[in-house]
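Each remark here refers to the structure printed beneath this line.
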Amino acid sequence: MRPIQLVDEAVTDSAIRRLIFDGGENIDELLTLCRADITSGNKDRAKKHLANFEHVLQRVREVEEKDRLRAFQPPIRGDEIMALFDLPPGKKVGMLKKMIEEAILDGIIPNEYQAAYDYLMQRKDEILSSNKMPGVKN
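Start counting the sequence shown at 1; every next residue gets the next number (the working numbering).
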């Protein structure tokens, strides 16, 4: 399948994923080659194909980002939080884990174990001493 064939608005995320999977490690090179291959003596046709290509490129990036966020896993799991603070499964464990996730997604800390652990230790009392997420009105 050529990337440019995926310009239809109705093209599904799974079709874009197949393109990404088939391109593998070379997906960026494939897209660069596809863009370079857009030639025409007719300037309007070339302009249309370039716009279509940009649409495909945008869809590829959107699907990659969605999948990256869906596959996101914080470096500290709930069972580790329970062991660290001698907590039973429950709301506070979820809030502590969510606090770490939000800090990573907001760019406050990198998605690395030590940074997440340090952040958890610095901010744990805000949640453990209440039933509220910091910065969220309940």
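Glycine included, C-beta positions come from ideal geometry on N, C-alpha and C.
Here the structure is a predicted model, which means the values were calculated and not measured.
Looking at the structure shown, is residue i part of a helix, part of a strand, or coil, going by DSSP?
| i | result |
| --- | --- |
| Ala51 | helix |
| Phe21 | helix |
| Asp44 | helix |
| Asn26 | helix |
| Val56 | helix |
| Ala71 | coil |
| Gly94 | helix |
| Ser129 | coil |
| Asp118 | helix |
| Leu33 | helix |
| Leu87 | coil |
| Ile104 | helix |
| Glu112 | coil |
| Val63 | helix |
| Ile81 | helix |
| Ile76 | coil |
| Ile16 | helix |
Classify residue i: buried if its beta carbon has 16 or more other beta carbons within 10 angstroms, exposed otherwise.
| i | result |
| --- | --- |
| Asp125 | exposed |
| Leu53 | Going by the sequence as given, residue 53 is Phe instead of Leu. It counts as buried. |
| Ile100 | buried |
| Leu33 | exposed |
| Leu120 | buried |
Return yes when the Cβ of residue j is within less than 8 Å of the Cβ of residue i, no when it is not.
| i | j | result |
| --- | --- | --- |
| Ala103 | Ile76 | no |
| Pro89 | Met82 | yes |
| Gly23 | Leu30 | yes |
| Val56 | Asp13 | no |
| Ile108 | Val60 | no |
| Lys97 | Gly78 | yes |
| Ile38 | Ala46 | yes |
| Leu128 | Lys92 | yes |
Answer yes or no: does any C-beta atom of chain C fall closer than 8 Å to that of residue i?
| i | result |
| --- | --- |
| Asp22 | Absent from the structure: chain C. Only one protein chain is present. |
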